[in-house]
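**Q** Numbering (our numbering), first residue to last: 2 to 703.
We put the CB at the ideal spot given by N, CA and C, even for glycine.
This is the structure I have questions about; it appears just below.
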Amino acid sequence: MTQTLLIELLTEELPPKALAKLGAAFAAGIVNGLKSRDFLEADSVATPFASPRRLAVSITKVRATSPDKSIREKVLPVAVALDAHGNPTAPLAKKLAALGFPDLQVADLERAQDGKAESFFYTYTAAGSALQSGLQAALEESVAKLPIPKVMSYQRPDGSTVQFVRPAHSLIALHGATVIPLTLLGLTASNVSEGHRFLTAPGQRMVTIADADSYAATLEGAGKVLASVEQRKEKIRAELLAKAGSDTVLMPEALLDEVAALVEWPVVYECKFEEEYLAVPQECLILTMQTNQKYFALTDSKGKLRSRFLIVSNIATDTPAAIIDGNERVVRPRLSDAKFFFEQDRKKTLESRLPLLEKIVYHNKLGTQAARGERVAKLAAFIAAAIGGDAALATRAAKLSKADLVTEMVGEFPELQGIMGTYYARNDGEHEDVALAASEHYQPRFAGDALPTTVTGTAVALADKLETLVGIWAIGLAPTGDKDPFALRRHALGVLRMLIEKRLPLAISTLLAQAAALFGDVAGFKDPSAEVTVFMIDRLRGILRERGFSPNEIEAVVAQNPDRLDDIVQRLEAVQAFAALPESASLAAANKRITNILKKNEEALAATGGAGVNSALLQDVAEKNLHAAVVRVLPQVDAAFAQGDFTGTLKTLAQLRDDVDAFFNDVMVMAEDVALRNNRLALLSSLHGMLNRVADISKLAA
2 MTQTLLIELL
12 TEELPPKALA
22 KLGAAFAAGI
32 VNGLKSRDFL
42 EADSVATPFA
52 SPRRLAVSIT
62 KVRATSPDKS
72 IREKVLPVAV
82 ALDAHGNPTA
92 PLAKKLAALG
102 FPDLQVADLE
112 RAQDGKAESF
122 FYTYTAAGSA
132 LQSGLQAALE
142 ESVAKLPIPK
152 VMSYQRPDGS
162 TVQFVRPAHS
172 LIALHGATVI
182 PLTLLGLTAS
192 NVSEGHRFLT
202 APGQRMVTIA
212 DADSYAATLE
222 GAGKVLASVE
232 QRKEKIRAEL
242 LAKAGSDTVL
252 MPEALLDEVA
262 ALVEWPVVYE
272 CKFEEEYLAV
282 PQECLILTMQ
292 TNQKYFALTD
302 SKGKLRSRFL
312 IVSNIATDTP
322 AAIIDGNERV
332 VRPRLSDAKF
342 FFEQDRKKTL
352 ESRLPLLEKI
362 VYHNKLGTQA
372 ARGERVAKLA
382 AFIAAAIGGD
392 AALATRAAKL
402 SKADLVTEMV
412 GEFPELQGIM
422 GTYYARNDGE
432 HEDVALAASE
442 HYQPRFAGDA
452 LPTTVTGTAV
462 ALADKLETLV
472 GIWAIGLAPT
482 GDKDPFALRR
492 HALGVLRMLI
502 EKRLPLAIST
512 LLAQAAALFG
522 DVAGFKDPSA
532 EVTVFMIDRL
542 RGILRERGFS
552 PNEIEAVVAQ
562 NPDRLDDIVQ
572 RLEAVQAFAA
582 LPESASLAAA
592 NKRITNILKK
602 NEEALAATGG
612 AGVNSALLQD
622 VAEKNLHAAV
632 VRVLPQVDAA
642 FAQGDFTGTL
652 KTLAQLRDDV
662 DAFFNDVMVM
672 AEDVALRNNR
682 LALLSSLHGM
692 LNRVADISKL
702 AA
């Protein structure tokens, strides 16, 4: 017989940022423990619950007793179990006793091949076990493996010391309506939980759960507790949207998750602050509300911050004035601090702060932030000139880009670095490109983030990331496994995205060489450009896969070790279009064969001094036809390639299929006559160069 199982562990308030993981791990551990002990049906469904004061899981179709099992036990090798006369040995008797079958005879055992030797086996039926024993073990295993941020030690009323993430108060274990007498953390299971601390009367706080299936509904109705973290999160989202009205509510998923982990019965109320604070950059106000108070800011249709905001309370009341007033009083000092920092910061220019960067060590092997700023400025000037920008503006922007690190506002809110630099640069009367570069040089900050909008911002962003890649790699801090403390993977992806999406005419080798040259005064510096290039190309493969290109299509382009990426997407699109042609498979296979032939005859080709095809030495009809086709198609290929029409280039090559196939069917490349052989190799070399103009199409045959 199967019934729904419920396990609930009631505790003091759990760490909100860890609640979702704790809830999922608690449920998964119990499910896996029961599954491995065969207490679950194939279609059993588990529902995890987690609130600020409880971890729980409900599992449908849980067996009261696990099924009987047929077990085939290896006893001993025959050579050990029987003596030279075929009689049972003492080790056999000892083994059978240890297995719990002291009365078994040799005739009761199965004799079967076991590898190269024979062994005795015994097959028996083991009776299933009761749910209590299996569940007790599964519960203990689950709790032992919880991802607890920090373990607490506390005393139980009986004086015993217990360790857990927070003090535990009660345990529920219900199979249907039956209480399973489990024990955990000094607690014995019952069917009684506890309702909301404030929304239930003290005498009515204890909530009896009649059966496992009614757990969530009973807690919600009698206990004023929404046990599901997802249900609370969606209730919060819906109420925030309803309260926002025509305004837009800023509700990052991380903030929603954290707030949902702080309340058991979420209710949204509207609060306000004084209009004077709107003179402060809204990013500052939004951040302090979200980070320090867990409030939700509102913006109007133009994205401008409103002076009203939303809070999520754990108390439902018809007279929320005290709650609203209390939260408004709490946020006011935070906004005042932000206003004070902003006003104080504006009294000093960014340029006047630059000497302070000389006191900030970037890395003890790479110098200070000031030294780093000089390196980035030189590289930014080079890049700006190469992409049609203003080198002087790029230099200025790079030098000022880190100055906001020593402002009061960024000291309080590090997340605002760059953003505040833009505000302060505008306040100082700097060129708009210089101001924008203060924030844009951090872009892209994460996958899918926007790229810099200005040429100056792009130059500084590239320089900043390249300087980091080369410098950090050179001192032996390349990423290893999941360790990447200087975010070199993110920096590499940012560089690649800018080169690709902005179609910048910059060679990776040149950029890395320029970056490496900046570290000439760093003791023991070893140029890591070769390693960084391999690292970046590997990241490039990932970017291209995300764009929907297949591994073979990507390798067709990447195998040519592209140094510039401004046309790589167009090349890949051309390869993709070529791969769809009926002629592509044959030409790809032929190109692979040509590549192998030429590789084996590199010395012979080198000895000819790069001499072209001698038409007088062409003998077979197939090689004459192929040569004629190459001569005919080459101008078309050259013209299409020169215009950047990579798709047209590859499609033009499709005309060669029949002649290429005929050549390999009818012509022996490796003829005994050296002159004839070299002439045929020269023909294949010219064909190979044309076939691989856009990409190595042989990779399509892989």
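#1: Tell me, to the nearest whole angstrom, how far the beta carbon of A392 is from that of A399; I am working on the premise that it is less than 8 Å.
#2: Name the residue from A560, A516 and R548 whose alpha carbon lies nearest to the alpha carbon of V535.
#3: Pull up the DSSP beta-bridge partners for A243, would you.
#4: When the Cα atoms are used, what is the spatial distance from T653 to A578?
#5: R694 by DSSP, collapsed to three states: which one?
#6: Buried or exposed, going by whether 16 or more other CB atoms sit within 10 Å of the CB of H628?
#7: Would you give the residue range spanned by the beta strand (DSSP E) that K340 belongs to?
#8: In whole angstroms, give me the CA-to-CA distance for L619 and V661.
#9: According to DSSP, is V523 helix, strand or coil?
#10: Measuring straight from C-alpha to C-alpha, what distance separates R198 and S171?
#11: Under three-state DSSP, which class holds K484?
#12: CA-CA distance, Y296 and R233?
#13: What is the DSSP secondary structure of Y443, counted as helix, strand or coil?
#14: Nearest-angstrom Cα distance between L437 and S215?
#15: With a cut-off of 8 Å, do at least 3 Cβ pairs link the segment 122 to 133 to the segment 61 to 79?
#16: What is the residue span of the alpha helix (DSSP H) that I60 lies within?
#17: Please check the pair L599 and L606, which I expect to be a contact at CB under 8 Å, by giving their CB distance rounded to whole angstroms.
#18: Would you be able to state if there are at least three C-beta pairs under 8 Å between the segment 334 to 351 and the segment 414 to 429?
#19: Give me, in chain order, the residues of the same chain whose beta-carbon lies closer than 7 Å to that of Q444; leave out the 5 immediate sequence neighbours on both sides.
#20: Is it the case that the Cβ atoms of A43 and G24 are separated by a distance below 9 Å?
#21: Does the separation of the CB atoms of V281 and A339 fall below 9 Å?
#22: What residue does the beta strand (DSSP E) around Q114 start on, and which one ends it?
#23: For chain C, check one thing: does any of its Cβ atoms lie closer than 9 Å to the Cβ of G482?
#24: Taking Q515 as part of the alpha helix (DSSP H), name the residues at either end of that continuous run.
#25: Short of 6 Å in beta carbon distance, which residues of its chain neighbour L105, apart from the five on each side in sequence? Order them along the chain.
#26: Would H86 be called buried (16 or more neighbouring beta carbons within 10 Å of its own) or exposed?
#27: Rounded to whole angstroms, what is the Cα-Cα separation between L358 and V230?
#28: Pick out whichever of E276, V63, E556 and D659 has its Cα sitting closest to the Cα of S585.
#29: Is it right to say Q137 is buried, meaning 16 or more other beta carbons lie within 10 angstroms of its own, or is it exposed?
#30: Report the option in L701, E441 and A524 whose CA atom is closest to the CA atom of S551.
#31: Shortest alpha-carbon distance to A57 belongs to which of G135, D115, A108 and L227?
#32: Given a threshold of 16 other Cβ atoms within 10 Å of its Cβ, counted over all protein chains shown, does P636 qualify as buried or as exposed?
#33: Can you find the residues in the same chain that come closer than 7 Å, C-beta to C-beta, to E259, ignoring five residues on each side of it along the sequence?
#34: Inspect the beta-carbon positions of K117 and G30 and report whether they are closer than 9 Å.
#35: For a quick check, are the C-beta atoms of R498 and I538 less than 9 Å apart?
**A** In short, the structure shows the following:
#1: Contact flag wrong, Cβ pair sits at about 10 Å.
#2: A560
#3: Answer is none; A243 lacks a bridge partner.
#4: Here the alpha carbons of A578 and T653 stand approximately 12 Å from one another.
#5: For R694, the secondary structure class from DSSP, reduced to helix, strand or coil, is coil.
#6: So H628 ends up on the buried side.
#7: Segment A322 to D346 is the alpha helix (DSSP H) holding K340; no beta strand (DSSP E) there.
#8: 15 Å
#9: coil
#10: 15 Å
#11: strand
#12: 16 Å
#13: coil
#14: 57 Å
#15: yes
#16: Where I60 is concerned, there is no enclosing alpha helix (DSSP H), although the beta strand (DSSP E) it sits in stretches over R55 to R64.
#17: 7 Å
#18: Between the segment 414 to 429 and the segment 334 to 351 there are three or more inter-stretch CB-CB distances shorter than 8 Å, so the stretches are counted as touching.
#19: D450, A451, L452, P453 and A462
#20: no
#21: yes
#22: E111 to D115
#23: The displayed structure is made up of one protein chain only, and chain C is not part of it.
#24: I509 to A518
#25: Same-chain partners within the cutoff: L97.
#26: exposed
#27: 45 Å
#28: D659
#29: buried
#30: L701
#31: L227
#32: exposed
#33: P17, K18 and K295
#34: no
#35: Cβ distance not < 9 Å, so R498 and I538 don't count as in contact.
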